[in-house]
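Protein chains in written order, with the numbering used here: chain D, 1 to 212; chain Z, 1001 to 1010.
Below is one structure, written out as structure tokens, with a few remarks after it.
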Amino acid sequence: MNAFRLVGDLCHLAAIVLLLLKIWKSRSVAGLSGKSQILFGLVFVTRYLDLVTNFVSPYNTIMKVFFLSSSIATVYLIYTKFKATYDGNHDTFRMEFLLIPCALLAIVVNHEFSPMEILWTFSIYLEAVAILPQLFMISKTGEAETITSHYLFALGSYRGLYIMNWLYRYYYENNFDVIAVVAGIVQTVLYCDFFYLYITKVLQGKKLQLPA
Amino acid sequence: QDNRSMKDEL
């Protein structure tokens, strides 16, 4: 464990907590893409299948349980409890355009052709693009609530910090996983446009408005 | 280069 990865995990945790707080306090899921949350849930389910078979550390297990339960809870809140506030008309990104290419790529490009490894690889590829429905929804509505912007900033930062973690592990531990690193770079790059808007607007106290 | 070790990450 290094500082980059720890701070990265804490950013990830903060993002999920921020999202739950937003939903709970505003009693609304307005502006949130249920599809992205479904994809994140799928990422955790396919990645943490070894939750009970492969014990790494108490920290690892606790975080996996939290990520799994919170992502499932978020999907539940969006599609049942606060369904009335779900903006389905703007959450129209076709999930199959992400699921099918990621599944095909995971079958073709992986480290080992075994069910667990292919599912892990699928979750890595899917996580890289899972935010697209949310970013697409913001581009359609043209704005995002401030707390949703903070959520996205924390979520984007987590994988950016993981890239630093992979650099660190490459130089000091001679560990390197090209699949995780390439997908992580793609994932972080997808947030760049949002990072620019967040830093130039939200941090200036303005609401996140996309140029019409 | 051992890529399996990345499985200790979240």
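We put the beta carbon where it would ideally sit given N, CA and C, even for glycine.
Query - Burial state of LYS35 of chain D (16 or more Cβ within 10 Å) - result: buried
Report task. Answer yes or no: does any C-beta atom of chain Z fall closer than 8 Å to that of ASN175 of chain D? Result -> yes
Query raised in the report: Roughly how many angstroms separate the alpha carbons of SER71 of chain D and LEU126 of chain D, rounded to a whole number?
Result: 15 Å
Report task. Sort D:TRP24, D:VAL56 and D:ILE38 by Cα distance to LYS85 of chain D and report the nearest one. Result -> A small fix is needed here, since residue 85 of chain D is Thr in this sequence, not Lys. Ranking the options by Cα distance to THR85 of chain D, first place goes to D:TRP24.
Report task. Please list the partners that ASN2 of chain D has in chain Z, where partner means a Cβ-to-Cβ separation under 9 Å. Result -> Here the premise fails: no neighbours, minimum Cβ distance about 11 Å.
Query raised in the report: Which of helix, strand or coil does DSSP assign to ALA3 of chain D?
Result: helix
Report task. Output yes or no for whether 8 Å exceeds the beta carbon distance between LEU167 of chain D and LEU132 of chain D. Result -> no
Requested in this report: Give the secondary structure of GLU127 of chain D by DSSP, where H, G and I count as helix, E and B as strand, and everything else as coil.
Outcome: helix
Requested in this report: Would you mind sorting ILE107 of chain D into buried or exposed? The rule is 16 or more other CB atoms within 10 Å of its CB.
Outcome: exposed
Query - Contact with chain Z by ARG5 of chain D, beta-carbon distance below 8 Å - result: yes
**Report entry** In chain order, each alpha helix (DSSP H) run of at least 4 residues that lies wholly inside the stretch 148 to 194 of chain D
**Finding:** 178 to 190
Query raised in the report: Any idea if LYS206 of chain D is buried or exposed, counting beta-carbon neighbours within 10 angstroms, 16 or more meaning buried?
Result: exposed
Query raised in the report: Run through DSSP, which three-state label would GLU96 of chain D get?
Result: helix
Query raised in the report: What does DSSP give as the partner residues of LEU208 of chain D in its beta bridges?
Result: D:ALA144
Requested in this report: Give the interface partners of MET63 of chain D over in chain Z, defined as CB-CB distance under 8 Å, in chain order.
Outcome: LEU1010
**Report entry** ARG169 of chain D to MET95 of chain D span [Cα, whole Å]
**Finding:** 33 Å
**Report entry** Local conformation of THR53 of chain D per DSSP, three classes
**Finding:** coil
Query - Neighbourhood of ILE124 of chain D by C-beta, 7 Å cutoff - its chain only, sequence neighbours within 5 removed - result: ILE179, ALA180 and ALA183
Query raised in the report: Are LEU161 of chain D and PHE40 of chain D touching if we call contact CB-CB under 8 Å?
Result: no
Query raised in the report: Any C-beta of chain D sitting closer than 8 Å to the C-beta of GLN1001 of chain Z?
Result: Per-residue confidence for GLN1001 of chain Z stands at a pLDDT of 45, beneath the threshold of 50, marking its modelled position as unreliable; no derived number is given.
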